[in-house]
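Under this note's numbering, residues 3 to 139 are what the sequence shown spells out, in order.
The block underneath contains the structure these notes are about, expressed in structure tokens.
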Amino acid sequence: MSWGNISWGNIVVAWFAALLGALGCALAQGTPPDMGDGQVAFNNACRTCHTMREGDNRLGPNLYKIVGRKSGSVPGYGYSSAMKNADIVWDKANLERFIANPDEVVRGNAMKPYGGVASPDARAKILAYLEASGAGN
Ligand code: HEC
């Protein structure tokens with residue numbers, strides 16, 4: 003049984019080099035573009051009033067698992083009666099319309115002041131982010 007010339011020092015150096023290699027690779031790839039862009043778009047348009055964390059209500063209710071959630075259903079959040087009675091299940095299609103123009107989907111809602119996200123591209127990114135975050139990120 004011979005370890006030859008291999009010293010612990012060499013092993014550590016090799017391990018460290020491998021680690022740096024992996025790290026370099028991760029940095030070169032960056033964050034997946036959709037997720038990164040989506041988060042930025044969400045931060046720009048929504049984060050003033052919303053978080054994605056369960057139970058964390060700000061000016062607006064938290065948006066944890068919003069895709070597939072019933073409207074007006076976060077416990078302990080004081081919704082407008084318009085939102086409480088809207089009786090819709092949020093899916094990607096009605097969320098898209100809602101963030102373009104909230105009043106078109108739930109007339110008289112209290113999501114204000116909110117100008118709407120005019121860019122279809124930004125809306126798509128936000129929706130992808132809402133969906134991905136609901137999956138537990
Ligand atoms: C100025 C603050 C503000 C901003 C900015 C804002 N919201 Fe809201 N949002 C609210 C408030 C307040 C409500 C509750 C409305 C009500 O009760 O009528 C709400 C409600 C919602 C609801 C309904 C939630 C539920 O539980 O039924 C969704 C979905 C939503 N917002 C998504 C968004 C998204 C996505 C963005 C960004 C594109 C955004 N909001 C930007 C304040 C805001």
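Backbone N, C-alpha and C define an ideal beta-carbon position, used for all residues, glycine too.
If you check the beta carbons only, do residue i and residue j fall under 8 Å apart?
| i | j | result |
| --- | --- | --- |
| Y81 | G74 | yes |
| E98 | L129 | yes |
| A134 | G110 | no |
| Y131 | A47 | no |
Can you grab the Cα-Cα spacing for the pair residue i / residue j, in whole Å?
| i | j | result |
| --- | --- | --- |
| V119 | D39 | 15 Å |
| R49 | I68 | 14 Å |
| P104 | P115 | 11 Å |
| N59 | R125 | 22 Å |
| P77 | E56 | 10 Å |
| N64 | V108 | 18 Å |
Is it right to say residue i is buried, meaning 16 or more other beta carbons lie within 10 angstroms of its own, or is it exposed?
| i | result |
| --- | --- |
| A88 | buried |
| P122 | exposed |
| K72 | exposed |
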